[in-house]
Amino acid sequence: MIRQYQLVEQVRAYDPSTDEDALNKAFVYTVKMHGSQKRASGDPYFSHPVEVAGILAGMKLDWKTIAAGLLHDTLEDTLATHDELEKQFGKDITRLVDGVTKLSQLEVQGAAAKQGENFRKLVLAMSEDIRVLLIKLADRMHNMRTLHFIKDPEKRQRIARETLELYAPLAERIGISRIKEELQDIAFGELYPDVHDSITKRMATLKEDNENISIVDRVINDVKEKLTEGGLPDADVYGREKRPYSIWRKMERLHVGFEALADIVAFRVLVENIEQCYQALGIIHGAYRAVPELFDDYISNPKPNGYRSLHTTVIGPEKRRIEIQIRTHEMHEINEMGVAAHWAYKQQTGAAKEGEQYRWLRQLLEILENSQQPEEFLEHTKLELFQDQVFCFTPKGELVALPRGGTPVDFAYAVHSRVGDSTVGAKVNSRMVPLNHVLKNGDQVEIMRSKKQAPSPTWERFVVTGKARAHIRKYLRQQQRDEYSSLGKAMLQKVFESEGATFTEKGIHGILKKFKSPADDDLYARIGAGSLPAREVFYAIFPGLKDKKPVESEPVSVNKASKGVAKISGIPIRGLIPGMALHLARCCHPVVGDRIVGIITTGKGVTAHTIDCETLESFADMPERWLDLSWDSDSVAAAEVQTGRLSVQISQATGALSALTTTIAKHDASIVNLKVVGRTPDVMDLLLDIQVKDLRHLTNIMAAIRATEHVFGVERVKGK
Ligand code: MN
0 MIRQYQLVEQ VRAYDPSTDE DALNKAFVYT VKMHGSQKRA SGDPYFSHPV EVAGILAGMK
60 LDWKTIAAGL LHDTLEDTLA THDELEKQFG KDITRLVDGV TKLSQLEVQG AAAKQGENFR
120 KLVLAMSEDI RVLLIKLADR MHNMRTLHFI KDPEKRQRIA RETLELYAPL AERIGISRIK
180 EELQDIAFGE LYPDVHDSIT KRMATLKEDN ENISIVDRVI NDVKEKLTEG GLPDADVYGR
240 EKRPYSIWRK MERLHVGFEA LADIVAFRVL VENIEQCYQA LGIIHGAYRA VPELFDDYIS
300 NPKPNGYRSL HTTVIGPEKR RIEIQIRTHE MHEINEMGVA AHWAYKQQTG AAKEGEQYRW
360 LRQLLEILEN SQQPEEFLEH TKLELFQDQV FCFTPKGELV ALPRGGTPVD FAYAVHSRVG
420 DSTVGAKVNS RMVPLNHVLK NGDQVEIMRS KKQAPSPTWE RFVVTGKARA HIRKYLRQQQ
480 RDEYSSLGKA MLQKVFESEG ATFTEKGIHG ILKKFKSPAD DDLYARIGAG SLPAREVFYA
540 IFPGLKDKKP VESEPVSVNK ASKGVAKISG IPIRGLIPGM ALHLARCCHP VVGDRIVGII
600 TTGKGVTAHT IDCETLESFA DMPERWLDLS WDSDSVAAAE VQTGRLSVQI SQATGALSAL
660 TTTIAKHDAS IVNLKVVGRT PDVMDLLLDI QVKDLRHLTN IMAAIRATEH VFGVERVKGK
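Counting in numbering that gives the first Met the number 0, the sequence shown runs from 0 upward without gaps.
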């Protein structure tokens, strides 16, 4: 275990801003808090956070990250509290420890929660500061190094699988291949000990040689000689064994065994700058025959995680196929250490100023977001994908990914359209929320359902997923179709009646084919929606009547035919065909007591206007579209409030507006909309929508307004 003074010395050497006292204090604090707790290895528990801090120091991370590494288990496993940490070590360090603790708690989620890529994205999204993830990875690294101390084989395997599926890909995502590879190999050895062993043995035999010097060394010498001759005497050349896990993956992927040196060793050439990379490539391609299809230029086209290098495969010395990777020292450092390397580089060049310290991180994230090589890592979608997403859980722990801004309704439809259609309410983290509540990462969402519930048109205003929107629209369309269908049937019956003919279902069935309608409902709906004139259908059944003079000019009597009372917003209206969609016109805002008339509108159903509404003039020569409507006086008392529109002119004096609103409030009505439509130095012209019980209520209010101080005039607004 690394000693306290060694750790502090090591950090201070690369991070001059180190607060030695604080780092020492964190060391002592973690030793004290973990006290006599023990690891599975029998070591004192505090050896774990100290080793984690050592791993982070090896990555040359800033001193605050090292301090947070020392403290990373204190919140979860000791009596330490958030407040106490903040008092002792400040906000930054506490925030990091807090983030690591949250990630650790996620691990406790059931197996169903861990659905591969989604879960990885959740972890990334939750570690808003990438240093949180770096600490978590160092934590996992040390736990994997000491995995063999755990006695329960099932627990070992679970941890190994989680490492392989979650943490190794995360390490790869942020470019830290050194950690990725070590995690993968320990996990691989745990999960598939036999395969691991046989691959390791096979690698050893391939590298062996009968002569005094190994094949690998002979190749290195040969390549180095060629580079020196070509003018690059300072290039570093070495052979790097591939990891058993990556060999195994390749064998699985390509269904091949491994035979050639290129399968187990990659030779690396490290040079000073990019020009030398291409120069080295030229020398190597000049000296050996290249395998063209195995050349990759990741310098011009970096991998999504920032990896840069030239890869080429040549027939090398002794006719052996060898793979050579060419890169600069800086690229190499970044390829190995990913985001962590950037920090070290900034420190070295002294470019890091207070506050700018993490600009590299933003820059790297930008590079990751903007790079376009999805084929590189099929399983690794671009970073921006999860930045636009939130991840929530069902009560059973299943993970549901939604676009940012997603609501419980989106969540419900994402689970199943039947769940969406029957949603009545939602609980987020056990608390009731409105259905338009915006969900956050890690929320647990419980949907309350009722069979009686139906999708509401208001949902369409806040849902963000296409699936939810499509289902809501589909339901509303079906509902509208039903309305059109009963309206169309009634319209057709009216025509039959006016022609003195008897309406029969049988007659309708006989002509369905002619209009290419699959069912009578469909035919009625087309009539109701206005796309098929009712009279045309009638003449199809009685072609002989077509030559007769049309009857449009005769008044159509609908009162006899339609005795139904429809209720719209609780307003009883006589004269309406049951099932017909009714709207109160927005131009004249009829209220109970007004004389009203209905207009059948294409694609809309029936709109009720006041008898003196200007809009009616445009329907003067279309009597077939008129319906006589009246208020059902028997149940008017039970009617709900409705909206009347007034035009009011008041003075610009202070208090004029409040006098007006007070008058309206005193009469038990509420203003639902107020708009200033004109202004002169003396007069303000207002448009008011107020909710009233009926015409008498409205008339009373108008009288009261007229009597109010500062009011010049008031009148009903009807028509456009
Ligand atoms: Mn830990």
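C-beta atoms are modelled at their ideal positions from N, C-alpha and C, and glycine is treated no differently.
(request) Might you give, ordered along the chain, the residues of its own chain that have their beta carbon closer than 6 Å to the beta carbon of Thr199, omitting 5 neighbours on each side? (result) Its chain contains Pro243 as the residues whose beta carbon lies nearer than 6 Å to that of Thr199, once the 5 sequence neighbours on both sides are disregarded; these appear in chain order.
Open item on the list: Please report the straight-line C-alpha distance between Lys101 and Ala66, rounded to a whole angstrom.
Closed with: Distance between the alpha carbons of Lys101 and Ala66 is about 18 Å.
For this session: For the ligand ATP, list every residue whose C-beta falls under 5 Å from any of its heavy atoms, going in chain order.
Result: Looking for the ligand ATP in the displayed structure turns up nothing; the ligands present are the ligand MN.
- Between Gln452 and Thr422, which are expected to be in contact by the criterion C-beta below 8 Å, what is the C-beta distance as a whole number of angstroms? The pair is a contact, with the Cβ atoms about 6 Å apart (cut-off 8 Å).
Residues in its own chain within less than 6 Å of Val222 by CB, not counting five upstream and five downstream?
Result list for Val222: Val236, in chain order.
Q: Measure the alpha-carbon distance for Arg525 versus Arg573 and round it to whole angstroms.
A: So the two alpha carbons sit approximately 25 Å from each other.
Taking 8 Å as the cut-off, does the region 143-153 touch the region 276-294 (at least 3 CB pairs, one atom from each stretch)? Verdict: no, contact absent.
query = Assuming Phe541 contacts Ala500 under a Cβ cut-off of 8 Å, what Cβ separation, rounded to an integer in Å, is found between them?
reply = At roughly 6 Å, the Cβ-Cβ gap stays under 8 Å, so Phe541 and Ala500 are in contact.
Assuming Thr707 and Thr662 are in contact, meaning their beta carbons sit under 8 Å apart, how far apart are those beta carbons, in whole angstroms? The Cβ separation is near 5 Å, so the contact holds.
By alpha-carbon positions, which one of Arg177, Leu105, Lys505, Ser197 ends up nearest to Asp442? By alpha-carbon distance to Asp442, the top candidate from Arg177, Leu105, Lys505, Ser197 is Leu105.
> When burial is assigned at 16 or more other CB atoms within 10 Å of the CB, is His696 buried or exposed?
Replying inline: Its Cβ being crowded by 16 or more others within 10 Å, His696 is buried.
| request: Out of Leu136, Trp62, Asp521, Asp184, point me to the one whose CA is closest to Gly98's CA. | output: Measuring from the Cα of Gly98, the nearest candidate turns out to be Leu136.
Looking at Gln641: is its Cβ nearer than 8 Å to the Cβ of Val671? In terms of Cβ geometry, Gln641 and Val671 do not form a close pair [threshold 8 Å].
message: Across the region 446-464 and the region 401-418, are there enough close Cβ pairs to call them in contact, namely three or more that are closer than 8 Å?
response: Contact holds: three or more Cβ-Cβ distances are below 8 Å.
Review point. Using a Cβ-Cβ cut-off of 8 Å (strictly less than) and excluding sequence neighbours within five positions of Ile610, which residues of its own chain qualify?
Key: Asp593, Arg594, Ile595, Val596.
- So what's Lys395 in DSSP terms, helix, strand or just coil? It is coil, neither helix nor strand.
* Along the chain, where does the alpha helix (DSSP H) that runs through Arg403 open and close? -> Per DSSP, Arg403 is not a residue of any alpha helix (DSSP H), being assigned neither H nor E.
Handout entry: Residue nearest to Glu623 in terms of C-alpha spacing, selected from Phe711, Gly529, Trp630
Key = Nearest option by C-alpha distance: Gly529.
TODO: Rank Val399, Arg320, Leu182 by C-alpha distance to the C-alpha of Val414 and give the top, closest one.
DONE: Ranking the options by Cα distance to Val414, first place goes to Val399.
Q) Taking only runs of the beta strand (DSSP E) that begin and end inside the region 232-300, which ones reach a length of at least 3 residues, in chain order? A) With a minimum length of 3 residues, the continuous beta strand (DSSP E) runs that stay inside the region 232-300 are 235-240, 264-270.
*Coarse secondary structure for Leu645, derived from DSSP in three states*: In this structure, Leu645 counts as strand in the three-state DSSP scheme.
Review point. Does the region 321-336 come within contact of the region 271-281, defined as at least 3 CB pairs closer than 8 Å?
Key: Yes, they touch.
task: Consult DSSP for Gln346 and reduce its assignment to one of helix, strand or coil.
output: Residue confidence is low: Gln346 scores 49 on pLDDT, short of 50, so the model does not pin down where it sits. Its coordinate-derived value is still stated next. Per DSSP, reduced to three states, the secondary structure at Gln346 is helical.
Reducing DSSP to helix, strand and coil, say where Lys488 ends up.
Helix, per DSSP.
* Asked: For Pro303, which option in Glu171, Gly424, His141 has the closest C-alpha, if you only look at C-alpha atoms?
  -> The shortest Cα separation from Pro303 among Glu171, Gly424, His141 belongs to Glu171.
**Item:** Cβ neighbours of Tyr721 in the same chain (closer than 6 Å, five flanking residues each side left out)
**Value:** Outside the displayed span of the chain (0 to 719) sits residue 721, for which this structure offers no information.
Notebook entry, point to check: Taking the Cβ atom as the reference point for each residue, do Leu438 and Val389 lie within a distance shorter than 8 Å?
Noted result: Cβ distance < 8 Å, so Leu438 and Val389 count as in contact.
**Item:** Top-ranked residue by Cα proximity to Ala21, from Val215, Val7, Tyr13, Gly34
**Value:** Comparing alpha carbon positions, the residue from Val215, Val7, Tyr13, Gly34 closest to Ala21 is Val7.
Quiz item: Grouping DSSP H, G and I as helix and E and B as strand, with all else coil, what is Leu182?
Solution: For Leu182, the three-state secondary structure derived from DSSP is helix.
- Taking the alpha carbon of Leu169 as the point to measure from, which residue in Asp196, Ile185, Leu133, Asn142 has its own alpha carbon closest? Distances from the alpha-carbon of Leu169 to those of Asp196, Ile185, Leu133, Asn142 put Leu133 closest.
### Message
My parser needs the alpha helix (DSSP H) runs of 4 or more residues fully inside the region 498-524; what are they?
### Response
Entirely contained in the region 498-524, the alpha helix (DSSP H) runs reaching 4 residues are, in chain order, 504-510.
Self-check item: Residue of Leu544, Val494, Tyr483, Gly543 minimising C-alpha distance to Ser519
Solution: Reading off the sequence shown, one finds Asp at residue 519, where the question assumed Ser. Cα-wise, what sits closest to Asp519 is Tyr483.
Please identify the residue among Arg157, Ala467, Ser429, Val96 whose C-alpha is closest to the C-alpha of Asp128.
Taking Asp128 as reference, the option from Arg157, Ala467, Ser429, Val96 with the minimal CA-CA separation is Val96.
- request: Just grab the DSSP bridge partners of Ser322 for me.
  value: Note that residue 322 corresponds to Glu in the displayed sequence, not to Ser. Paired residue(s): Ala265, Thr312.
### For Val444 and Ser429, the rounded distance between their alpha carbons
For the pair Ser429 and Val444, the Cα-to-Cα distance works out to about 8 Å.
inquiry  = Taking 8 Å as the limit between beta carbons, can you name the residues of its chain near Leu163, skipping five residues before and five after?
reply    = These residues qualify, in order along the chain: Leu182, Gln183, Ala186, Phe187, Leu190.
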